[in-house]
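Participant: Got a structure for you, written out below as structure tokens; questions coming shortly.
Residue numbers (UniProt numbering), protein chains in the order written: chain A, 1 to 239; chain B, 1 to 285.
Have a look at this one:
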């Protein structure tokens, strides 16, 4: 709630596309960071009362996930917490995750491919915050674990007594980010693109540039490049 | 619903009836359209949704997962309320589906503190897959393979255009960790690799379709995996495929996947027509 009200005025007055993009995804980082500390405290207390199970975790995370949906001025598609491997007492891995229009609890075991067996420890949204200790904007990527859609996942590490215990995260669908951000980005030119750390195009004001394609190597030469501080995103403006 | 009719097979058993129903539906719809000429897509809009109830759909989804080995014997199913929530059905509907699965002997229910519904100990994916193979016609198998090839080929071609070499290297590292003689683990990592390659296409639709087809074909591929020679050939093909995608060589990636799939289907058809496979068909209930 604080993030939305605090940052809303800033985006209206963004002076350049880098500021616009940084403010937009920064809202998500800010929102997650507003509850990772509190959640760590709750997990600490729960640990003192006995083993932390998936059920205990779900109950602790749910209010924060709901708050993320309700208070953040972004088209949040999914939110929750993903436990570090082998940290819970009754499961190797677990996603305390809510998503979709009805914010339904994600249950992996009921899906066509057994997604419970998918090892998420090497997926970008888990791996990067784990190793860097800092929030990360991951994607765009096809999220075959949760949303089944083309997705951006913003994730922040949660630490308990210096130990990594999982990531707090939220999903934004590229479809909705495009509707949200493209009109505002268009104010800065007819060939302005957002790319991620591997040069993958998130969206572009040019209709000829396809989301999912890459701008790498020598094709970068025609652009003025602006890095978004605190996230692995860049704004490319055609010269 | 009998056990064999809901087994995952590619044979379109009910197609003739469905066709008649479609024609009847089409006649009715076309007389109602003002523009005269209903298109094929127009007809699809008014196709019957199917009279199988929601409980039967839930039952089939779980039965398919059990026969495919996705839910292995001994695995505990989510509690009734949780199942109902995740499928988006009423608890009574989930209960009805569980009851039907119990009657079919696919799950057992234990009472008490550690109770719940568990996949039955006799649920043997190989036996299910052999039976499904015996019950699938050659033409249906070839058609399934054609569909799988179309989707997989589209995925790897797009991935070859769009993936960063570092992303392929990450898949390669995971693959290298599993020896191909650990058959179950090898099957899983192979399925995962195919799905990750699909995801690297950056197409959500293609990835969803690849996941669905991978789930449908994986039990058959697991049969191929029992042949050490075929397994080695498939491993080599998968590694070559990753190389081609990393190098951005769409044509080579497509050609590798085409050969790999043809080889697997030939192998399956040979098995289907071998004496052992037809024996398993005769002894099935």
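From the three backbone atoms N, C-alpha and C, an ideal C-beta is built for every residue, glycine too.
Since the structure is predicted, the reported quantities are computational estimates derived from the model, not experimental observations.
(1) Residue 204 of chain B CB to nearest chain A CB: under 8 Å?
(2) From the beta carbon of residue 126 of chain A, is the nearest beta carbon of chain B less than 8 Å away?
(3) Can you tell me which residues form a DSSP beta bridge with residue 193 of chain A?
(4) By the 8 Å beta-carbon criterion, what residues does the segment 187-201 of chain A contribute toward chain B?
(5) Show which residues of chain B have a CB atom less than 8 Å away from the CB atom of residue 104 of chain A.
(6) Could you tell me whether the Cβ atoms of residue 98 of chain B and residue 80 of chain B are closer together than 8 Å?
(7) Given a threshold of 16 other Cβ atoms within 10 Å of its Cβ, counted over all protein chains shown, does residue 121 of chain B qualify as buried or as exposed?
(8) For residue 172 of chain B, decide whether its Cβ has a neighbour in chain A, counting only Cβ atoms nearer than 8 Å.
(9) Count the other CB atoms, across all protein chains shown, that sit within 10 Å of the CB of residue 32 of chain B; report buried if there are 16 or more and exposed otherwise.
(10) In whole angstroms, what separates the C-alpha of residue 65 of chain B from that of residue 106 of chain B?
(11) If distances are taken between C-alpha atoms only, which option among A/108, A/35, A/175 and A/197 comes closest to residue 167 of chain A?
(12) Please report the distance separating the alpha-carbon of residue 56 of chain A from that of residue 82 of chain A.
(13) For a contact defined as C-beta to C-beta under 8 Å, what are the partners of residue 48 of chain A on chain B?
(14) So, at 8 Å on beta carbons, what are the nonlocal neighbours of residue 69 of chain A in its own chain, with the 5 sequence-adjacent residues on each side left out?
(15) Measure the C-alpha to C-alpha separation of residue 146 of chain A and residue 106 of chain A and round it to an integer number of angstroms.
(16) Using a Cβ-Cβ distance under 8 Å, would residue 131 of chain B count as near chain A?
(17) Residue 67 of chain B: buried (16+ other C-beta within 10 angstroms of its C-beta) or exposed?
(18) Exposed or buried, residue 239 of chain A, counting other C-beta atoms within 10 Å across all chains shown (16 or more means buried)?
(19) Is the distance from the Cβ of residue 233 of chain B to the Cβ of residue 272 of chain B below 8 Å?
(20) Taking a cut of 7 Å between CB atoms, which residues from the segment 207-229 of chain A lie near chain B?
(21) Could you tell me the distance, in whole angstroms, from the CA atom of residue 14 of chain B to the CA atom of residue 61 of chain B?
(22) Would you say residue 122 of chain A faces chain B, with C-beta separation under 8 Å as the test?
(23) Contact defined as beta carbons within less than 8 Å: I believe residue 139 of chain B pairs with residue 74 of chain B. What is the distance between those atoms, to the nearest angstrom?
(24) Determine, using beta carbons only, whether residue 125 of chain B comes closer than 8 Å to chain A.
(25) Work out the CA separation of residue 111 of chain B and residue 267 of chain B for me, nearest whole Å.
(26) Tell me the DSSP bridge mates of residue 157 of chain A?
(27) For residue 85 of chain A, I'd like the list of residues in its chain whose CB is within less than 7 Å of its CB, leaving aside the five on either flank, ordered along the chain.
(28) Starting from residue 215 of chain A, follow the alpha helix (DSSP H) in both directions and report where the run begins and ends.
(29) Which one or two residues does DSSP pair with residue 136 of chain A in a beta bridge?
(30) When burial is assigned at 16 or more other CB atoms within 10 Å of the CB, is residue 28 of chain A buried or exposed?
(31) In angstroms with no decimal places, state the Cα-to-Cα distance between residue 7 of chain B and residue 148 of chain B.
(32) What residues from chain A crowd round residue 82 of chain B, counting only those whose CB sits closer than 7 Å?
(33) I believe residue 187 of chain B touches residue 225 of chain B by the beta-carbon criterion, under 8 Å. Please report the beta-carbon distance rounded to the nearest angstrom.
(34) Which partner residues of residue 117 of chain B appear in the DSSP bridge assignment?
(35) Relative to the C-alpha of residue 176 of chain A, which candidate in A/19, A/74, A/26 and A/45 has its C-alpha closest?
(36) Are the beta-carbon atoms of residue 202 of chain A and residue 140 of chain A separated by less than 8 Å?
Facilitator: So, from the listed chains and residues:
(1) yes
(2) no
(3) The partner list for residue 193 of chain A (beta bridge, DSSP) reads A/204 and A/236.
(4) 198, 199 and 200
(5) 85, 86 and 88
(6) yes
(7) exposed
(8) no
(9) For residue 32 of chain B, the pLDDT reaches just 47, beneath the cut-off of 50, and the residue's location in the model is therefore unreliable, although a value from the coordinates is still provided. Residue 32 of chain B comes out exposed.
(10) 11 Å
(11) Answer by Cα proximity: A/35.
(12) Using only the alpha carbons, I get a separation of about 13 Å.
(13) For residue 48 of chain A, none of the residues of chain B pass the 8 Å Cβ criterion, the least Cβ distance being about 24 Å.
(14) 76, 79, 98 and 103
(15) 7 Å
(16) It does not: the Cβ of residue 131 of chain B has no partner Cβ on chain A nearer than 8 Å.
(17) buried
(18) Exposed: under 16 other Cβ atoms inside 10 Å.
(19) Pairing residue 233 of chain B with residue 272 of chain B gives a Cβ-Cβ distance that is not under 8 Å.
(20) 212, 213 and 214
(21) With a pLDDT of 42 at residue 14 of chain B, under the threshold of 50, the modelled position of this residue cannot be trusted, and the question is left open.
(22) yes
(23) Incorrect: roughly 37 Å between the Cβ atoms, too far for contact.
(24) no
(25) 44 Å
(26) Paired residues: A/167.
(27) 92, 93 and 121
(28) Looking at the DSSP string, residue 215 of chain A is not in any alpha helix (DSSP H), and its letter there is neither H nor E.
(29) A/155
(30) buried
(31) Confidence at residue 7 of chain B is low in this model, with a pLDDT of 41, below 50, so its placement is unreliable and the value that follows should be read with caution. Their backbone Cα atoms lie some 19 Å apart in a straight line.
(32) 107
(33) 6 Å
(34) B/109
(35) A/74
(36) Taking 8 Å as the Cβ cut-off, residue 202 of chain A and residue 140 of chain A qualify as a contacting pair.
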